[in-house]
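All remarks here apply to the structure that follows.
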Amino acid sequence: MRIANVLAMGLLAALVPRVGAGSDLPLDAIKLPPSFRIDIYADDVPDARSLALGDQGTLFVSTRRQGVIYALRDRDGDQRAEAKYVIASDLNTPNGIAFHDGKLYVATRQRLLRYDDIENRLQQPPQPVVVADGFPSDPAHGWRYLAIGPDRKLYVSVGAPCNICDRAGYAHIVRLNLDGSGREIYAHGVRNSVGMTWHPQTGELWFTDNGRDWLGDDLPPDELNRAPRARLHFGYPYCHGKGIPDPEFGAGRDCARYTPPAQELGPHVAALGLRFYTGTMFPPQYRNNIFIAEHGSWNRSEKIGYRVTRIVLDQQGRPSAYEPFAEGWLQNDKVWGRPVDVLVMPDGALLVSDDHAGVVYRISYQEQRR
Numbered sequence: 104m105r106i107a108n109v110l111a112m113g114l115l116a117a118l119v120p121r122v123g124a125g126s127d128l129p130l131d132a133i134k135l136p137p138s139f140r141i142d143i144y145a146d147d148v149p150d151a152r153s154l155a156l157g158d159q160g161t162l163f164v165s166t167r168r169q170g171v172i173y174a175l176r177d178r179d180g181d182q183r184a185e186a187k188y189v190i191a192s193d194l195n196t197p198n199g200i201a202f203h204d205g206k207l208y209v210a211t212r213q214r215l216l217r218y219d220d221i222e223n224r225l226q227q228p229p230q231p232v233v234v235a236d237g238f239p240s241d242p243a244h245g246w247r248y249l250a251i252g253p254d255r256k257l258y259v260s261v262g263a264p265c266n267i268c269d270r271a272g273y274a275h276i277v278r279l280n281l282d283g284s285g286r287e288i289y290a291h292g293v294r295n296s297v298g299m300t301w302h303p304q305t306g307e308l309w310f311t312d313n314g315r316d317w318l319g320d321d322l323p324p325d326e327l328n329r330a331p332r333a334r335l336h337f338g339y340p341y342c343h344g345k346g347i348p349d350p351e352f353g354a355g356r357d358c359a360r361y362t363p364p365a366q367e368l369g370p371h372v373a374a375l376g377l378r379f380y381t382g383t384m385f386p387p388q389y390r391n392n393i394f395i396a397e398h399g400s401w402n403r404s405e406k407i408g409y410r411v412t413r414i415v416l417d418q419q420g421r422p423s424a425y426e427p428f429a430e431g432w433l434q435n436d437k438v439w440g441r442p443v444d445v446l447v448m449p450d451g452a453l454l455v456s457d458d459h460a461g462v463v464y465r466i467s468y469q470e471q472r473r
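Per our numbering, residue 104 is the first one in the sequence shown, and the count goes up by one each step.
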């Protein structure tokens with residue numbers, strides 16, 4: 104990891120006017136419900152992946168292939184980030200980020216790092232503290248997601264190092280204390296989760312999981328899972344979706360023994376980041392809905408995904424509807440954007456990262472006057 108040039112890079116990024124490709128994107132192609140609109144919150148953010156918000160309003164953006172962590176600031180309150188800082192570079196797949204108590208936590212492939220007092224040191228970032236290490240080095244599904252739960256613990260995904268296999272030490276979600284101690288497996292049978300969030304009322308963990316490949320276009324579904332307690336098994340590699348036995352590993356397995364998904368999602372949509380909507384900008388019927396960034400399929404004969412979807416929960420907290428919310432990044436089988444993560448801002452707007460276009464979008468709502 105090289106951090107010697109962080110100060111220079113951060114100052115350069117903050118002071119040089121940024122004219123990116125964001126203004127050239129066909130935002131008019133994005134279909135939204137009435138009275139919603141989509142704008143560019145930040146452009147020139149190559150490989151934009153996970154999103155985390157600091158206490159002082161700094162938006163932190165991770166990358167996967169670039170090895171960079173960005174910090175973005177909207178200095179004048181115009182709902183667009185003008186300043187960009189490079190917090191760190193040359194990291195190994197730093198996909199997962201989370202902010203807590205003034206500190207930025209970063210999940211690289213093998214380590215968890217912490218940057219202390221980061222919002223007050225954007226122009227001169229500190230050297231990171233290694234919180235935990237020893238995570239698998241396998242490149243397959245090595246882009247870890249990281250989140251901090253209401254129990255003030257770190258949750259980290261450890262994906263399967265393959266399409267389908269049964270190997271000890273993989274395919275689970277790990278929980279550990281903020282100082283790296285107390286590591287334990289929280290959820291088993293999770294092939295590759297790249298999104299975790301907690302119900303704002305019950306405190307239960309909900310997460311996405313990407314299904315295996317090469318069972319055809321329509322099998323298996325991606326999953327939205329709910330973990331009301333620790334140590335549940337969600338089926339991989341033995342069973343997929345709601346009771347679909349795996350042809351290689353499912354023989355002799357009773358799929359009823361495993362926890363089924365709360366909602367089956369589209370097959371191969373690559374469901375990634377998700378958040379409960381807790382803002383007040385959107386109409387009341389959106390409150391406590393789940394928004395999911397669907398990155399889009401890579402090996403399906405007919406492309407699917409490339410959108411943000413909405414999960415509506417009933418009064419018992421169970422999914423009652425799964426529908427598109429924002430779509431149009433896929434046009435006539437051509438892709439110009441791939442949503443990765445979503446984040447609810449303090450004003451209620453919804454941010455969406457896009458690692459294909461290298462931007463962060465802002466979706467807002469303004470009721471039309473009659």
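For each residue, glycine too, the CB sits at the ideal point set by N, CA and C.
What's the gap between the Cα of glutamate 470 and the Cα of tryptophan 317?
If I take the Cα positions, the gap works out to 45 Å.
I believe glycine 298 touches tyrosine 248 by the beta-carbon criterion, under 8 Å. Please report the beta-carbon distance rounded to the nearest angstrom.
Confirmed, about 6 Å.
Three-way DSSP call (helix, strand, coil) for proline 422 in this model
Under the three-state reduction of DSSP output, proline 422 falls in the strand class.
Give the DSSP-derived three-state secondary structure of leucine 130 in the structure shown.
In the three-state DSSP reduction, leucine 130 falls in the helix class (H, G or I).
Near threonine 362, which residues of its chain fall below 6 Å by C-beta distance, leaving aside the five closest residues on each side in sequence?
Hits under 6 Å: Leu335, Phe337.
I'd like to confirm the pairing. Which residues does DSSP put opposite phenylalanine 379 in its beta bridges?
By DSSP's assignment, phenylalanine 379 forms a beta bridge with Ile393.
Measuring CB to CB, does glutamate 397 end up less than 8 Å from alanine 373?
Using a Cβ distance threshold of 8 Å, glutamate 397 and alanine 373 count as a contacting pair.
Between the CA atoms of asparagine 435 and arginine 214 - distance to the nearest angstrom
Each residue's alpha carbon lies about 41 Å from the other.
Pick out whichever of Tyr339, Gly272, Pro231 has its Cα sitting closest to the Cα of serine 240.
Closest by alpha carbon: Gly272.
How far does the beta strand (DSSP E) with phenylalanine 310 in it extend, from its first residue to its last?
Boundaries of the beta strand (DSSP E) harbouring phenylalanine 310: 308–312, taken from the DSSP string.
From the DSSP output, in three-state form, read off glutamate 351 for me.
Coil.
Determine contact between the segment 194–202 and the segment 160–169, defined as no fewer than three beta-carbon pairs at a distance below 8 Å.
The segment 194–202 vs the segment 160–169: in contact.
From arginine 465 to leucine 130, what distance separates their C-alpha atoms?
The alpha-carbon atoms of arginine 465 and leucine 130 are separated by roughly 11 Å.
Along the beta strand (DSSP E) that carries glycine 199, what are the first and last residues, could you check?
Secondary structure note for glycine 199: its beta strand (DSSP E) is the uninterrupted segment 199–203.
Is asparagine 266 helix, strand or coil by DSSP?
DSSP places asparagine 266 in the coil class of the three-state scheme, outside both helix and strand.
My assumption, with CB atoms under 8 Å, is that aspartate 220 sits in contact with glycine 205. Please give the rounded CB distance.
Taking a contact as a CB-CB distance under 8 Å, the pair aspartate 220 and glycine 205 counts as one, their CB atoms being some 6 Å apart.
Do proline 324 and glutamate 367 come within 8 Å of each other at the CB atom, strictly closer than that value?
Yes, the pair counts as a contact, with Cβ atoms nearer than the cut-off.
Inter-residue Cα distance where the pair is glycine 58 and alanine 263
Coverage of the chain is limited to positions 104 through 473, which leaves residue 58 absent and any answer about it impossible.
Can you tell me whether alanine 374 is helix, strand or coil according to DSSP?
The answer is strand: DSSP assigns alanine 374 an E or B state.
Count the other C-beta atoms from every protein chain shown that fall within 10 angstroms of the C-beta of tryptophan 309, then say buried if there are 16 or more, exposed otherwise.
With 16 or more other Cβ atoms within 10 Å, it is buried.
Cα-Cα separation between glycine 170 and threonine 211, rounded to whole angstroms
Rounded to the nearest whole angstrom, the CA to CA distance from glycine 170 to threonine 211 is 9 Å.
What does the alpha-carbon distance come out to for the pair valine 122 and valine 462?
Unreliable placement is indicated for valine 122, whose pLDDT of 33 sits below 50; no coordinate value is reported for it.
Helix, strand or coil for glutamate 222, going by three-state DSSP, please let me know.
Three-state result, glutamate 222: helix.
Quick one: give me the first and last residue of the beta strand (DSSP E) that lysine 256 is part of.
Start and end: 256–261.
With H, G and I counted as helix, E and B as strand and the rest as coil, what does DSSP make of glutamine 434?
Strand at glutamine 434.
Is it true that the CB of threonine 161 sits closer than 8 Å to the CB of arginine 176?
A contact, by the Cβ cut-off of 8 Å.
Between tryptophan 246 and the rest of its own chain, which residues show a CB-CB distance below 6 Å, the 5 nearest in sequence each way excluded?
The answer, listed in chain order, is Arg167, Thr196, Asn198.
Taking only three categories from DSSP, how would you classify alanine 235?
Of the three classes helix, strand and coil, the one that applies to alanine 235 here is strand, per DSSP.
Beta-carbon contacts of proline 303 that lie in its chain and below 8 Å, excluding the five residues immediately before and after
Excluding residues within five positions, the ones whose Cβ falls inside 8 Å are Phe379, Thr381, Asn391.
By how many angstroms is the C-alpha of tyrosine 389 removed from the C-alpha of glycine 180?
If you take the alpha carbons of glycine 180 and tyrosine 389, they lie about 25 Å apart.
When you compare each of Gly451, Trp432, His244 to arginine 294 by their alpha carbons, which one comes out closest?
Ranking the options by Cα distance to arginine 294, first place goes to His244.
Cross-strand partners of glutamine 366 (DSSP beta bridge)
Answer is Leu327, bridged to glutamine 366.
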